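By the UniProt record's numbering, the letter at position 15 of the sequence shown is numbered 15, and the numbering carries on one by one without gaps. Where is the CB? At the ideal position from N, CA and C, for every residue including glycine. In this text, all values refer to a predicted model and were calculated from it rather than measured experimentally.
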Amino acid sequence: MEETPSESEKLYSFYDLESNISKLTEDKKEGLRQLAVTFQHFMREEIQDASKLPPSFDIFEGFAKVICNSFTICNAEMQEVGVGLYPSMSLLNHSCDPNCSIVFSGPHLLLRAVRDIEVGEELTICYLDMLMTSEERRKQLRDQYCFDCDCFRCQTQDKDADMLTGDEQVWKGVQESLKKIEELKAHWKWEQVLAMCQSIISSNSERLPDINIYQLKVLDCAMDACINLGLLEEALFYGIRTMEPYRIFFPGSHPVRGVQVMKVGKLQLHQGMFPQAMKNLRLLRKLRPREEMTSPRSSELCLEPQRAPSSITGSSLPQFQVMSWIRIRCPLHRQAWVVASCPPVYPVIHMHTCPQHESY
């Protein structure tokens, strides 16, 4: 296990992290033991000399520390791409109403304020998806991090009424359906994802408002599926419906809301809705720090035209690369032009110049 060269990591080492072993149930301990044995089996050929391991390194305890201290690494569009340990950042406590958020620039973790912070106020982040009810948050915090949250939102069940608006029997059914949808998404079965989402949305239009978190997640999945299938007009329809719920559930300059605004703005731009797109892009500039907008690692978020490589044609690409490209038409000349997507992470849409419209 190599240590990073970051100076900040000297503030807190991996060995100082809390493992919470004493708080784990016997079932979880047994699961970690089996994981440790499996890890040792596969590492025998890689590290035959035990002296190469850090001194006093306990694999069982190491896995326990990873579970309750790791950060989910996300790309520029807040899609999960990996897991990492940043020991000094593990000092940050959880709040369901945080004043900071974690973003990534490649492998580098950045801490961003999402609202004004008072002098002497503790910096906090949310360990979980913020689109969860108080009960769901408490359960996951207890299961994964071994503590009970007593923040204002958990004490008052703030926003739970908004999150669970609508017919209870209906949203419980949607909650179950989302498990199947997420499974299909994991296997890139976008046609099936879209079909399920369309069925749920159409059948519940009168009984579930878009602010219901399970309906909102279905709208998000429908938008993702449409983008992956090249159905950009339909993707925009679903995306617009998510804007107000995102404003409510991700207040301030939360990066998750910023990404959603960016997606909708891109889709509006592709549909020729320039006034609406510019409105969202101006909002995006308020939500995202300037350095993030101009960073080379997040340059895919900047809506600057790029010319598609002349060598790119459907026939010249290997099969796995063909799946990485979709074609749409220039809204002015109706001529096909290339839009790039980047599996396996969320498609990053790049605008390329129409051959007949150099300034588009």
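Three-state secondary structure (DSSP) of residue i
i	result
S19	coil
I328	Because the pLDDT at I328 is just 40, under 50, the model does not fix this residue reliably, and the point stays unresolved.
N204	coil
S310	Unreliable placement is indicated for S310, whose pLDDT of 37 sits below 50; no coordinate value is reported for it.
H41	helix
G211	It should be pointed out that residue 211 corresponds to Ile in this sequence rather than to Gly. In the structure shown, I211 sits in coil (DSSP, three-state: anything other than H, G, I, E or B).
M47	Here the sequence assigns Ile to residue 47, which means Met is not the residue at that position. Note: I47 maps to coil in three-state DSSP.
I125	strand
S299	Residue placement at S299 cannot be trusted, given a pLDDT of 33 that sits under 50; the coordinates are not used to answer.
E292	In this predicted model, E292 has a pLDDT of only 48, less than 50, meaning its place in the structure is not dependable enough to derive any value.
H333	Legend: pLDDT at H333 = 44, less than 50; position of this residue unreliable, no value from coordinates given.
P344	Unreliable positioning characterises P344 in this predicted model, as indicated by a pLDDT of 31, which lies under 50. The coordinate reading is nonetheless provided below. Three-state DSSP puts P344 in coil, outside helix and strand.
First through last residue of the beta strand (DSSP E) which encompasses residue i
i	result
S101	100 to 105
A113	108 to 113
C74	71 to 74
G84	80 to 84
Enclosing alpha helix (DSSP H) for residue i [first to last residue]
i	result
V264	255 to 270
S134	134 to 140
S284	For the sequence presented, residue 284 should be read as Leu rather than Ser. Its alpha helix (DSSP H) spans residues 274 to 287.
F250	Element bounds for F250: n/a, residue is neither H nor E.
V170	168 to 186
M130	Looking at the DSSP string, M130 is not in any alpha helix (DSSP H), and its letter there is neither H nor E.
T156	152 to 156
D162	160 to 163
8 Å Cβ cutoff met for residue i and residue j
i	j	result
M163	T124	no
residue 424	N280	Since the displayed the chain opens at 1 and closes at 360, residue 424 lies outside it and no answer follows.
residue 361	V114	Nothing in the structure corresponds to residue 361, since the chain is present only between 1 and 360.
L232	H270	yes
Y214	Q175	yes
R207	G166	yes
D97	R153	yes
S90	Y12	yes
L194	A225	yes
F42	M130	no
K189	C221	no
L111	I117	no
S19	K65	yes
E60	L32	It should be pointed out that residue 60 corresponds to Phe in this sequence rather than to Glu. Yes, these two residues count as a Cβ contact at 8 Å.
C191	L219	According to the sequence displayed, residue 191 carries Glu and not Cys. No, the Cβ-Cβ distance between E191 and L219 is not below 8 Å.
Any non-hydrogen atom of the ligand HEM closer than 7 Å to residue i Cβ
i	result
C126	Looking at this structure, you won't find the ligand HEM or any other ligand, since it has none at all.
Stretch pair the segment 81 to 91 + the segment 54 to 70: three plus CB contacts closer than 8 Å:
Result yes; three or more Cβ-Cβ pairs closer than 8 Å.
Cβ contact (3+ pairs, closer than 8 Å) linking the segment 137 to 147 and the segment 167 to 185:
Counting Cβ pairs under 8 Å, fewer than three are found: no touch.
Examine the Cβ distances between the segment 106 to 113 and the segment 236 to 250 and report whether three or more of them are shorter than 8 Å.
Note that the segment 106 to 113 does not touch the segment 236 to 250; fewer than 3 beta-carbon pairs, one per stretch, sit closer than 8 Å.
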